[in-house]
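In this note's numbering, the protein residues as written are 10 to 446.
Virtual Cβ for every residue (Gly too), placed ideally from N, Cα, C.
Predicted, not measured: the structure shown is a model, and the values here were computed from it.
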Amino acid sequence: MLDIHFIRENLEVVKDAAAKKGVDVDLDELLKLDDERKKIRQELDAKRAEQNRRSQEIQTFKGFEREKVIEAMQHLKIGMTEAEGRYQELLQRWTKLLLSVPNIPSPDTPVGPDESGNVVVRKWGERPTFDFKPKAHWDIGRELDIIDTERAAAVSGARFSYLKGDAVLMQFGLIAFALKVLTSREELAGIAQKANLPVAATPFIPIIPPVLMRSDVMGRMARLQPIEERYFFEKDDLVLVGSAEHTLGPLHMNEILGDESLPIRYVGYSTAFRREAGAAGKDTRGILRQHQFDKLELESFSRPENGYQEQDFFVAIQEHLMQSLKLPYQVVAICTGDMGKPDQRQFDIETWMPGQDTYRETQTSDYMGGYQARRLNTRVRSKSGDLTHVHMNDATAFAIGRTLIAIVENYQQADGTVKVPEALVPYVGKAVIGGAG
RNA sequence: GGAGGGGUCGCAUAGUUGGUCUAGUGCGGUGGACUUGAAAUCCACUGUGCCCUUACGGGCACCGCGAGUUCGAAUCUCGCCCCCUCCGCCA
Numbered sequence: 010m011l012d013i014h015f016i017r018e019n020l021e022v023v024k025d026a027a028a029k030k031g032v033d034v035d036l037d038e039l040l041k042l043d044d045e046r047k048k049i050r051q052e053l054d055a056k057r058a059e060q061n062r063r064s065q066e067i068q069t070f071k072g073f074e075r076e077k078v079i080e081a082m083q084h085l086k087i088g089m090t091e092a093e094g095r096y097q098e099l100l101q102r103w104t105k106l107l108l109s110v111p112n113i114p115s116p117d118t119p120v121g122p123d124e125s126g127n128v129v130v131r132k133w134g135e136r137p138t139f140d141f142k143p144k145a146h147w148d149i150g151r152e153l154d155i156i157d158t159e160r161a162a163a164v165s166g167a168r169f170s171y172l173k174g175d176a177v178l179m180q181f182g183l184i185a186f187a188l189k190v191l192t193s194r195e196e197l198a199g200i201a202q203k204a205n206l207p208v209a210a211t212p213f214i215p216i217i218p219p220v221l222m223r224s225d226v227m228g229r230m231a232r233l234q235p236i237e238e239r240y241f242f243e244k245d246d247l248v249l250v251g252s253a254e255h256t257l258g259p260l261h262m263n264e265i266l267g268d269e270s271l272p273i274r275y276v277g278y279s280t281a282f283r284r285e286a287g288a289a290g291k292d293t294r295g296i297l298r299q300h301q302f303d304k305l306e307l308e309s310f311s312r313p314e315n316g317y318q319e320q321d322f323f324v325a326i327q328e329h330l331m332q333s334l335k336l337p338y339q340v341v342a343i344c345t346g347d348m349g350k351p352d353q354r355q356f357d358i359e360t361w362m363p364g365q366d367t368y369r370e371t372q373t374s375d376y377m378g379g380y381q382a383r384r385l386n387t388r389v390r391s392k393s394g395d396l397t398h399v400h401m402n403d404a405t406a407f408a409i410g411r412t413l414i415a416i417v418e419n420y421q422q423a424d425g426t427v428k429v430p431e432a433l434v435p436y437v438g439k440a441v442i443g444g445a446g
């Protein structure tokens, strides 16, 4: 959420941001409620001050005098209860409205109504050429018997799959490869240098986070809505995460971090669960859009002034990973109308999928500014002693399913086998999938 | 799941017959005195949020969270969350 003081002082900026994001929120109403809120607050505090004062006094009184004061305070109490009721009612409306205010897009975010406004920032790699018609991953997967969606449908339903054999080796190969890069100060320093970014080379701490979390904490991550997208266990008031981001982000909630400890970087490996409620009938073939998939996710907490650089670094890491696999991709700046509500700036990496003859999103990078941290109450104490909210970044390192798709479609060969990207061979233990060996 | 114990201002603790607790003490931290310097010692300060105020300063709230009893609750009652010990179950 945004700071109410910030909204008051930058009303036009916030209005403009909401309009660009296509979010309908009545900010004038919010400020009106805030004025009322303050007024009742003052009234209440004055009454409480009086109560405190009289509570002290009362002990010096005795007998009839004491009875009289008690009677007066009972009266005061009635007024307080009434004011508290009004305050709570108002606060509820106030909070609801405040939470619906989206984050402000960065100045360099393209303005647009929906995904049609997204802008390709750069492209990398050459699309492979084939002297045969490249197949889609669902065909390759079935033929090599490494992806089984049919049996999964019988057991679990649509949008589930069994990954088998070499696909599994590939999954753990990808993870091992990425972790090697992300936990190495030298590798990270190299990536930063190449991207010309003056960021710290602090390694990522690997985490295996919980995949179930309290719904109220998910709310504080601004990720509970739309609730239709979440698997929700009402009996336990727990939701399944849609990304490791959801449990990595709150790792330091209600904490004050030391300035010298930043940036704190984590790489979390977890399964992600999505109901895909709004995507009925879309991408039903293969494993592009699954209810369940595994993912390596980056998360960092940084000083506010380093937030944008941190995101640039995250994108540089993503590009480094894709370049290592020699997969052709494009970096896309997501426009105001397509980005998430809590985002300040968002980039996607879309990777070339020859079997589908198009680029598909494989990674995303979200810079949240202090939007999530404010509600999570994660703060930094600067050297001068000031407290500010940390800035948070999250990004995909590898979404395993989609990376597998990209690999099998780009590395497929005429004989039906799939080459293993050179960088992965040591981690997978073989150079070809589906071959005689 | 059952039984018991516990959650106090960075850490550790005091406080459970309701009102001098707007929370004491120790450690840590900051500033100062002493010292050539340091240690030791002594003195002062030491959280977060909201609100009023140009400022100085002031008010309110917070003793796991939320309700309740009361003129008044860290202290009493109820619900919830979490931690620890033992038992049961279990990868």
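- Assignment of S270 by DSSP, reduced to helix, strand and coil, places it in the helix class.
- For Y275, the secondary structure class from DSSP, reduced to helix, strand or coil, is strand.
- For Q301, the secondary structure class from DSSP, reduced to helix, strand or coil, is strand.
- Bounds of any beta strand (DSSP E) do not take in N127, whose DSSP letter is neither H nor E.
- The residues A92, R95, Y96, L99, in chain order, have a CB closer than 8 Å to that of I49 in the same chain once the five nearest residues on each side in sequence are set aside.
- Comparing alpha carbon positions, the residue from Y420, F310, V441 closest to P363 is Y420.
- Under a 10 Å Cβ-count criterion, V437 is classified as buried, with 16 or more other Cβ atoms of the shown protein chains found around its own Cβ.
- Residue pairing of I265 in beta bridges, as defined by DSSP: R388.
- When the alpha-carbon of V250 is set against those of D268, L266, R223, the nearest one is in R223.
- Three or more beta-carbon pairs separated by less than 8 Å are not found between the region 365-385 and the region 170-178, which leaves the two stretches without contact.
- By the neighbour-count criterion, in which 16 or more other beta carbons inside 10 Å mark a residue as buried, S252 falls on the buried side.
- Between the region 377-394 and the region 259-277 there are three or more C-beta pairs closer than 8 Å, enough to call the two in contact.
- DSSP places G287 in the helix class (H, G or I) of the three-state scheme.
- Positions of the beta strand (DSSP E) runs, each at least 3 residues long and wholly inside the region 52-137, are given as 128-133 in order along the chain.
- When DSSP states are grouped into helix, strand and coil, P215 belongs to the strand group.
- At a Cβ-Cβ threshold of 8 Å, E237 and A286 count as neighbours.
- Counting other Cβ atoms within 10 Å of its Cβ, Q202 stays below 16 and is therefore classed as exposed.
- The alpha-carbon of D12 is positioned some 29 Å away from that of F241.
- Ranked by how close their Cα comes to the Cα of L221, the residues A210, A204, V248 have V248 in first place.
- In the pairwise beta carbon analysis, the region 318-335 is classified as touching the region 196-216: at least three pairs are separated by under 8 Å.
- A straight line joining the alpha-carbon of L330 with that of F181 spans about 15 Å.
- Nearest to L307 by C-alpha distance, out of G410, Y368, I296, Y278, is Y278.
- Per DSSP, L188 is one residue of the alpha helix (DSSP H) stretching across 175-191.
- A Cβ-Cβ contact shorter than 8 Å links Q339 with R131.
- Within the same chain, P272, R274, E319, N402 come within 6 Å of S309 by CB-CB distance, once the 5 residues on both sides are set aside.
- Only residues of its own chain outside the window of five on either side were considered, and among them L106 have a CB closer than 8 Å to the CB of E38, listed in chain order.
- Residue range 367-378 is occupied by the beta strand (DSSP E) that includes S374, with no alpha helix (DSSP H) assigned at that position.
- In chain order, F141 place their CB closer than 6 Å to the CB of A423, counting only its own chain and leaving out the 5 sequence neighbours on each side.
- In the DSSP assignment, W361 is bridged to Y368.
- The continuous beta strand (DSSP E) containing Q339 extends over residues 338-342.
- Under the DSSP assignment, F407 falls in the beta strand (DSSP E) whose first and last residues are 400-408.
- Remark: C-beta atoms of D357 and Q381 do not approach each other more closely than 8 Å.
- Taking all protein chains in view, the Cβ of D352 is crowded by 16 or more other Cβ atoms within 10 Å, so the residue is classified as buried.
- Beta-bridge annotation (DSSP): V427 is paired with Q421, I442.
- Here L413 is near A176, since their CB atoms are less than 8 Å apart.
- The residue among E431, T293, H398, V23 with its C-alpha nearest the C-alpha of P313 is H398.
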